Amino acid sequence: MKRFSTVCLALGLATASLMAQTPDYGVKVTADRKVDFSRFKSYTWDDPAQKAADKAVHQGIMDAVDREMKAVGLEKRESGPADLKVTYGSLSRTDVDLKSKGKNGELREYAVGSLVVILQDFGTRKEVFRARADTPIDAQPDKMQATLDHVVTEMFAKYPARPRK
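Sequential numbering from 1267 applies to the sequence shown in the numbering used here.
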């Protein structure tokens, strides 16, 4: 009986902690600490792993990344060898606020976008930098680019070798 009570308590605590979790929004960056990022001077694009379905969003992501890559001192090459290969993946989903109480008992839903930008060493294809952002989004086209710009700027604010001003 004591064992049964302990198991029930453990399951109850595990369930309560899962229900209390809220989505973790924001930007997470991982960079290979063994890599000297100051040696990278150029980059080229690789085909996106999960290309944005909307052409305007796809172009907006690429433009924002290009701008930030330039800001950290990297030159874009259209083809041929470069120091880094860049790709991205994106998706959108709908999150549900399980704690909300809307009209007729409906739970609040909202759109969330996820964007992952990956930089690989061109020669070895080893991943050296990964930035992931998960954020609620406003799907209106006039607000989408501002969201993309903000998120990509946050990602590259954590780039290991920022040029001195």
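No residue lacks a Cβ here, since even glycine has one placed at the ideal position from N, Cα and C. Note that the coordinates shown come from a computational prediction; the quantities given were computed from them, not determined experimentally.
Classify residue 1306 as helix, strand or coil using the three-state DSSP reduction.
Stepping through the sequence shown from its first residue, residue 1306 is reached at position 40. Look at residue 1306 here: in three-state DSSP terms it is coil, with no helix or strand label.
Under the rule that 16 or more other beta-carbon atoms within 10 Å means buried, what is residue 1366, buried or exposed?
Here the question's residue 1366 lines up with position 100 in the sequence shown. Flag for residue 1366 reads exposed.
DSSP state of residue 1414, grouped into three classes?
On the sequence shown, residue 1414 is found 148 positions in, with the first residue counted as 1. In this structure, residue 1414 counts as helix in the three-state DSSP scheme.
Can you look up residue 1367 in the DSSP assignment and give me helix, strand or coil?
If you number the sequence shown from 1, residue 1367 lands on position 101. Coil at residue 1367, not helix or strand.
Please report how far the alpha carbon of residue 1392 lies from the alpha carbon of residue 1300, in whole angstroms.
Position 126 of the sequence shown holds residue 1392. Position 34 of the sequence shown holds residue 1300. The alpha-carbon atoms of residue 1392 and residue 1300 are separated by roughly 12 Å.
To the nearest whole angstrom, what separates the beta carbons of residue 1323 and residue 1397, a pair I think is in contact under 8 Å?
On the sequence shown, residue 1323 is found 57 positions in, with the first residue counted as 1. On the sequence shown, residue 1397 is found 131 positions in, with the first residue counted as 1. Not confirmed; about 17 Å, so no contact.
In whole angstroms, what separates the C-alpha of residue 1406 from that of residue 1384?
Here the question's residue 1406 lines up with position 140 in the sequence shown. Here the question's residue 1384 lines up with position 118 in the sequence shown. Near 26 Å, if we compare the C-alpha coordinates of residue 1384 and residue 1406.
Buried or exposed for residue 1304, going by 16 or more other Cβ atoms inside 10 Å?
The residue labelled residue 1304 in the question sits at position 38 within the sequence shown. By the 10 Å Cβ count, residue 1304 comes out exposed.
Our contact map puts residue 1353 next to residue 1312 with C-beta atoms below 8 Å; I'd like the distance itself, whole angstroms only.
Here residue 1353 corresponds to residue number 87 of the sequence shown, with the count starting at 1. Here residue 1312 corresponds to residue number 46 of the sequence shown, with the count starting at 1. About 4 Å; that satisfies the 8 Å criterion.
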